[in-house]
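The next block holds one structure in the form of structure tokens; read it before the comments.
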Amino acid sequence: MDIFQGIIHGFAVILAPAKLAACFFGVVIGTAVGVLPGIGPSGSIALLLPLTYYMDPVSAIIMLAGIYYGTMYGGSTTSILVNLPGEAQSVVTCLDGYQMARQGRAGPALGISAFGSFIAGTFGVIGLMVVAPPLAEFALKFGPAEIFALTILAFTLVGYLTSSSMIKALMMAVLGLLLASVGQETITAIPRFTLGNVNLQSGIGLVPLVMGLFGISEVLLALGESASNAEPDVRKSAPKFSSLFPDRKDWKDSAGPIARGSLIGFIIGLIPGGTGIIASFSSYAIEKKLSKHPERFGQGTIEGVAGPESANNAAAQGAFIPLLTLGIPGNAAMALTLGALKIHGVIPGPLLINEHPEVFWGVVASMYIGNFLLLILNLPLIGIWVRLLLVPSSILYPMLILFCIIGAYSLNNNAFDVGALFFFGLLGYVLRKQDFELAPLILGFILGPIMETSARQALIMSAGELSIFFSSAVSTVLLAIAFLVILTATCSTIRQWRLRKA
Amino acid sequence: MLAVLVMIESARLSLDTIHSPGPGFVPFFLGLSLAVLSLLSLLAPDRQVKTEAFWNYWERGRNVFFIFAGLGIYLLLLRSAGFFIATFLLMIYLMKFSGEKGYKRAIVTSALTMVFIYFLFYKLLSIPLPKGMVGV
Numbered sequence: 000m001d002i003f004q005g006i007i008h009g010f011a012v013i014l015a016p017a018k019l020a021a022c023f024f025g026v027v028i029g030t031a032v033g034v035l036p037g038i039g040p041s042g043s044i045a046l047l048l049p050l051t052y053y054m055d056p057v058s059a060i061i062m063l064a065g066i067y068y069g070t071m072y073g074g075s076t077t078s079i080l081v082n083l084p085g086e087a088q089s090v091v092t093c094l095d096g097y098q099m100a101r102q103g104r105a106g107p108a109l110g111i112s113a114f115g116s117f118i119a120g121t122f123g124v125i126g127l128m129v130v131a132p133p134l135a136e137f138a139l140k141f142g143p144a145e146i147f148a149l150t151i152l153a154f155t156l157v158g159y160l161t162s163s164s165m166i167k168a169l170m171m172a173v174l175g176l177l178l179a180s181v182g183q184e185t186i187t188a189i190p191r192f193t194l195g196n197v198n199l200q201s202g203i204g205l206v207p208l209v210m211g212l213f214g215i216s217e218v219l220l221a222l223g224e225s226a227s228n229a230e231p232d233v234r235k236s237a238p239k240f241s242s243l244f245p246d247r248k249d250w251k252d253s254a255g256p257i258a259r260g261s262l263i264g265f266i267i268g269l270i271p272g273g274t275g276i277i278a279s280f281s282s283y284a285i286e287k288k289l290s291k292h293p294e295r296f297g298q299g300t301i302e303g304v305a306g307p308e309s310a311n312n313a314a315a316q317g318a319f320i321p322l323l324t325l326g327i328p329g330n331a332a333m334a335l336t337l338g339a340l341k342i343h344g345v346i347p348g349p350l351l352i353n354e355h356p357e358v359f360w361g362v363v364a365s366m367y368i369g370n371f372l373l374l375i376l377n378l379p380l381i382g383i384w385v386r387l388l389l390v391p392s393s394i395l396y397p398m399l400i401l402f403c404i405i406g407a408y409s410l411n412n413n414a415f416d417v418g419a420l421f422f423f424g425l426l427g428y429v430l431r432k433q434d435f436e437l438a439p440l441i442l443g444f445i446l447g448p449i450m451e452t453s454a455r456q457a458l459i460m461s462a463g464e465l466s467i468f469f470s471s472a473v474s475t476v477l478l479a480i481a482f483l484v485i486l487t488a489t490c491s492t493i494r495q496w497r498l499r500k501a
Numbered sequence: 000m001l002a003v004l005v006m007i008e009s010a011r012l013s014l015d016t017i018h019s020p021g022p023g024f025v026p027f028f029l030g031l032s033l034a035v036l037s038l039l040s041l042l043a044p045d046r047q048v049k050t051e052a053f054w055n056y057w058e059r060g061r062n063v064f065f066i067f068a069g070l071g072i073y074l075l076l077l078r079s080a081g082f083f084i085a086t087f088l089l090m091i092y093l094m095k096f097s098g099e100k101g102y103k104r105a106i107v108t109s110a111l112t113m114v115f116i117y118f119l120f121y122k123l124l125s126i127p128l129p130k131g132m133v134g135v
């Protein structure tokens, strides 16, 4: 199936009412999550994972994808209007966006943010459509050794890019791998680390783990911090619809940043560990560097909004490429999406486009429609989104915990899963308080079985010879890159240690 | 400590050799890696030692401690009192710790939430939520 046939097939899939409803629901939830500080895309995907049990795989991934790129749109609204970033990747937007709002230019800031996100998102989807099929074709030649090398590279990149400490990131990855080894071992069926508990025979459930680590811990972090008594005044802050359209000068100033942000974001999203945060910060730094008036950045310049907002949206689309074509999630949200697909018996990877074209092309087509829906949702309905901030936390957070409890229980109708949920909630809270990133842990948990199985298969094929991992150019290059990343991180750490001692 | 426990248990499962790994092989080396990384993390000069007084720690973590205590009691109540009664009480408890000032709104919100859950999850989605000794 070529690209043109594929996208036609995708639109044929997505234009069913149930799929459109899933797309709409996903982008609405995503926007709401983006607006509300405290709950990120990973947390919301974790919370809504049980809902996907009642859906077919295509609708499930369409909804989860909509949540993910929807948060990129929603996060900028409160950044601009009340200087309160809804998501980490919208922090940069606060710098210039809020200043523009203070100068009475909230409308153009919101408008260019939405239009820039739409253009970059569409660019990202086109990139996904063009890059993914040939990459999947190439990856079909991967054997167990190459898959093992790819998982090693994914861990090192995620650890290097998402955490300030490589050591801490690797600790989390190893912990995730250990958690994944609980249960019956795949080849010999011998139970490992089950502590004699029959509930652990089939391993730790993905849903209690992710809902606890992301959902419960996020609520605990929010409730554990001292809350400010000052509520942002959102009642009067939403501008009129007519003022949301940028003028000619705004478009002229934003064209370059949007184009550059789209490209930068897409490339960063492709790399495992490349998140919207990195994309938005990189774009801001580049725009400031290229600008003829860098002193204006931070004072309310539209380039400081257009570039980062475009970058984080393009990154969101790009992140689906390693997931769908290689089966390697690049961040926690993608890892959770992978988990959701596995629950439905769909294994993302090189065979996905051939074996489940409706999943791949359905997601791609849904992204076109989703980006368009988000543009409509984020401009005229801005006043409504901002009012979400008025929901008291005394109601919101208990509801989120309740959602987690029902989600965990409904998995196997077993109270043990609720206990596991609370345990991982406590673990997630403690780890986050100690500045450990959870993305490597989730990656380790999801990729652990793949990594162990591929390593053992490779060793069986080579009759125990380790040289199989260096027998092909692909696995050698992947392992070499992983080694270079570790070496770079180690040298950087040693340099920092020496500077601190001096 | 966790790493050492993992290594002991893995060795018990049989390691075999790197050329033909047994079920304990991978976890053993994961445990070893975790031990090494933990030591490196402890030795790192940029480790920020939190030297706050215990009282300050307790002040900040108090809310979380009580929420977790509540969740623990909830788990015990779930089987005896059933889902709806246990969750109704949990919601009120959590709302109070989330900053809710009075009891009236907490009770009304919890009751309405139970009604919503009953119709959506129990009736519509047919999720068999646990019944307690009173059959609720």
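Going line by line, the protein sequences match chains L and B.
Here the first sequence is numbered in numbering that gives the first Met the number 0, starting from 0 and rising by one per residue.
Here the second sequence is numbered in numbering that gives the first Met the number 0, starting from 0 and rising by one per residue.
No residue lacks a Cβ here, since even glycine has one placed at the ideal position from N, Cα and C.
Drop a sphere of 10 angstroms on the beta-carbon of residue i, count the other beta-carbons inside from all chains shown, and report buried for 16 or more, exposed for fewer.
i, result
"Asn-311 of chain L", "buried"
"Ile-320 of chain L", "buried"
"Lys-49 of chain B", "Residue placement at Lys-49 of chain B cannot be trusted, given a pLDDT of 49 that sits under 50; the coordinates are not used to answer."
"Gly-299 of chain L", "buried"
"Glu-230 of chain L", "Because the pLDDT at Glu-230 of chain L is just 47, under 50, the model does not fix this residue reliably, and the value given afterwards should be weighed accordingly. Under this definition Glu-230 of chain L is an exposed residue."
"Met-62 of chain L", "buried"
"Ser-136 of chain L", "The sequence given here has Glu at residue 136 of chain L, not Ser. Label assigned to Glu-136 of chain L: exposed."
"Ser-109 of chain B", "buried"
"Glu-217 of chain L", "buried"
"Gly-344 of chain L", "exposed"
"Leu-167 of chain L", "Per the sequence shown, residue 167 of chain L should be read as Lys rather than Leu. Lys-167 of chain L comes out buried."
"Arg-172 of chain B", "The structure shown does not extend to residue 172 of chain B, since chain B is modelled only from 0 through 135, so no value can be given for it."
"Gln-98 of chain L", "buried"
"Asn-196 of chain L", "exposed"
I need the straight-line Cα distance from residue i to residue j, nearest angstrom please.
i, j, result
"Ile-342 of chain L", "Val-130 of chain L", "27 Å"
"Pro-245 of chain L", "Ser-112 of chain L", "10 Å"
"Leu-80 of chain L", "Gly-96 of chain L", "8 Å"
"Pro-207 of chain L", "Ala-407 of chain L", "5 Å"
"Gly-509 of chain L", "Thr-193 of chain L", "In the structure displayed, chain L extends from 0 to 501; residue 509 of chain L sits before or after that span and is not available."
"Arg-234 of chain L", "Ala-11 of chain L", "Note on Arg-234 of chain L: pLDDT 48, under 50, position unreliable in the model; the coordinate value appears next. So the two alpha carbons sit approximately 42 Å from each other."
"Phe-265 of chain L", "Leu-174 of chain L", "30 Å"
"Pro-132 of chain L", "Ile-2 of chain L", "8 Å"
"Thr-489 of chain L", "Gln-495 of chain L", "10 Å"
"Pro-190 of chain L", "Ile-203 of chain L", "12 Å"
"Leu-220 of chain L", "Ser-491 of chain L", "31 Å"
Which two residues bound the contiguous alpha helix (DSSP H) that contains residue i?
i, result
"Ala-462 of chain L", "Segment: none, Ala-462 of chain L is in no alpha helix (DSSP H) and carries neither H nor E."
"Asn-330 of chain L", "First-last for Asn-330 of chain L: undefined, no H or E at that position."
"Ser-37 of chain B", "24 to 42"
"Gly-103 of chain L", "Premise fails: Gly-103 of chain L is in no alpha helix (DSSP H) and is neither H nor E."
"Ile-44 of chain L", "40 to 47"
"Glu-286 of chain L", "275 to 289"
"His-8 of chain L", "2 to 13"
"Phe-120 of chain B", "From DSSP, Phe-120 of chain B is part of no alpha helix (DSSP H); its letter is neither H nor E."
"Arg-295 of chain L", "No alpha helix (DSSP H) holds Arg-295 of chain L; DSSP gives it neither H nor E."
"Asp-434 of chain L", "Where Asp-434 of chain L is concerned, there is no enclosing alpha helix (DSSP H), given that its DSSP letter is neither H nor E."
"Lys-200 of chain L", "The sequence as given places Gln at residue 200 of chain L; Lys does not occur at that position. Per DSSP, Gln-200 of chain L belongs to no alpha helix (DSSP H) and is neither H nor E."
"Asp-252 of chain L", "247 to 269"
"Thr-86 of chain B", "82 to 96"
"Ile-66 of chain L", "56 to 81"
Closest by CA to residue i, which one among the options?
i, options, result
"Ser-261 of chain L", "L:Arg-104, L:Asn-413, L:Glu-308, L:Asp-249", "L:Glu-308"
"Asn-412 of chain L", "B:Leu-31, B:Phe-82, B:Leu-75, B:Phe-87", "B:Phe-82"
"Asn-353 of chain L", "L:Pro-379, L:Leu-323, L:Ser-365", "L:Leu-323"
"Leu-75 of chain B", "L:Phe-444, L:Asp-434, L:Gly-418", "L:Gly-418"
"Gln-102 of chain L", "L:Leu-152, L:Ala-21, L:Phe-402, L:Ile-301", "L:Ile-301"
"Pro-439 of chain L", "L:Leu-152, L:Arg-386, L:Leu-401", "L:Leu-152"
"Pro-84 of chain L", "L:Pro-133, L:Thr-30, L:Phe-122, L:Phe-114", "L:Thr-30"
"Tyr-72 of chain L", "L:Leu-395, L:Arg-455, L:Val-26", "L:Val-26"
"Ser-180 of chain L", "L:Ile-459, L:Ile-394, L:Ile-445, L:Gly-463", "L:Ile-445"
"Gly-158 of chain L", "L:Ile-441, L:Ser-466, L:Phe-423", "L:Ile-441"
"Ala-508 of chain L", "L:Ile-125, L:Ser-365, L:Ser-43, L:Leu-420", "The structure shown does not extend to residue 508 of chain L, since chain L is modelled only from 0 through 501, so no value can be given for it."
"Met-171 of chain L", "L:Thr-187, L:Leu-212, L:Ala-138", "L:Leu-212"
"Leu-372 of chain L", "L:Ile-66, L:Gln-4, L:Leu-222, L:Ser-41", "L:Ile-66"
"Asp-55 of chain L", "L:Ser-409, L:Lys-18, L:Gly-268", "L:Lys-18"
Report the neighbours of residue i on chain C: residues whose CB is nearer than 8 Å to its CB, in chain order.
i, result
"Val-173 of chain L", "As a matter of chain content, chain C is missing from the structure shown, whose protein chains are L and B."
Members of the region 27 to 57 of chain L that neighbour chain B once the beta carbon cut-off is set at 8 Å = Cβ contacts with chain B: Tyr-53.
ask   = Name the residues in the region 367 to 400 of chain L whose C-beta lies less than 9 Å from a C-beta of chain B; which are they?
value = Hits within the stretch, in order: Pro-391, Ser-392, Ser-393, Ile-394, Leu-395, Tyr-396, Pro-397, Met-398, Ile-400.
inquiry  = Residues of the region 412 to 432 of chain L in Cβ contact with chain B at a cutoff of 7 Å, in chain order, please.
reply    = Contact annotation: in the region 412 to 432 of chain L, residues whose CB is within less than 7 Å of a CB in chain B are Asn-412, Ala-414, Val-417, Gly-418, Phe-421, Leu-425, Tyr-428.
key: Within 9 Å of chain L by C-beta, residues of the region 65 to 81 of chain B in sequence order   = Of all residues in the region 65 to 81 of chain B, Ile-66, Phe-67, Leu-70, Gly-71, Tyr-73, Leu-74, Leu-77, Arg-78 have a Cβ within less than 9 Å of some Cβ in chain L.
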